[in-house]
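Only one structure is covered here, and it is reproduced in the block below.
Residue numbers (mature numbering (1 follows the signal peptide of the UniProt record, and there is no 0)): -19 to -1, 1 to 191.
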């Protein structure tokens, strides 16, 4: 009897130990301020805030219009189809451009820095603007910057606000992006912002920097 009791105690003790190991405390270890996840979240928040400010300024708006959530779904679908048809027609009738300096993916100056372009697709929903912006649903932002830059990209809408570390690294191709939104008076407004599409180095500026 004593042997059976002793075996039961050993088994129970082993189960308790196993349970303790497999089910640790629910507390999560504190993340370092320099951890990759923390840095990613911080960069993302800073970028979205910078994009909001830049777009509002280019649209000549002091603040975001306040509209009820979910009231633009039907209107958005109608205008989305219209803009898609216009964009398709413009693409078919566009005059092809001759290759030039804008086709050069990167160039280096005497310091060894190279000009790179960083593209990010920003959804209006991520900006919290899907309740007043009708078109587009997303915007592709291209930033001209040093290839060796490790800091948080600012994704400024205009290149003038975000000078590159490389003197010659500038936008070589830009286009106007139409933006359709509804203001607080329920009036449809069509505006546009100028967006960078390609980055490169002008040979004259490159030699001047050297």
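Each residue gets a CB set at the ideal place from its N, CA and C atoms; glycine is no exception.
Could you give the first and the last residue of the continuous alpha helix (DSSP H) run that contains residue i?
{"i": "residue 53", "result": "Taken as a continuous stretch (DSSP letters only), residue 53 belongs to no alpha helix (DSSP H), as it is neither H nor E."}
{"i": "residue 105", "result": "105 to 108"}
List the endpoints of the continuous beta strand (DSSP E) containing residue i.
{"i": "residue 176", "result": "169 to 182"}
{"i": "residue 215", "result": "The structure shown does not extend to residue 215, since the chain is modelled only from -19 through 191, so no value can be given for it."}
{"i": "residue 128", "result": "Counting along the chain, residue 128 falls outside any beta strand (DSSP E), and DSSP gives it neither H nor E."}
What is the DSSP secondary structure of residue i, counted as helix, strand or coil?
{"i": "residue 43", "result": "coil"}
{"i": "residue 166", "result": "coil"}
Relative to the alpha-carbon of residue i, which residue among the options has its alpha-carbon at the smallest distance?
{"i": "residue 158", "options": "119, 45 and 167", "result": "119"}
{"i": "residue 95", "options": "112, 126, 104 and 122", "result": "126"}
{"i": "residue 124", "options": "36, 65, 168 and 178", "result": "178"}
{"i": "residue 60", "options": "156, 154, 47 and 117", "result": "117"}
{"i": "residue 62", "options": "115, 149 and 109", "result": "115"}
{"i": "residue 29", "options": "173, 165 and 122", "result": "122"}
{"i": "residue 181", "options": "154, 64, 110 and 35", "result": "154"}
{"i": "residue 48", "options": "175, 174 and 165", "result": "165"}
{"i": "residue 50", "options": "174, 176, 106 and 173", "result": "106"}
{"i": "residue 201", "options": "163, 167, 152 and 101", "result": "The displayed coordinates of the chain run from -19 to 191. Any statement about residue 201 would go beyond what the structure contains."}
{"i": "residue 163", "options": "43, 56 and 98", "result": "56"}
Report the CB separation of residue i from residue j in whole angstroms; it is logged as a contact under 8 Å.
{"i": "residue 108", "j": "residue 32", "result": "7 Å"}
{"i": "residue 169", "j": "residue 112", "result": "Incorrect: roughly 15 Å between the Cβ atoms, too far for contact."}
{"i": "residue 160", "j": "residue 40", "result": "7 Å"}
{"i": "residue 45", "j": "residue 110", "result": "7 Å"}
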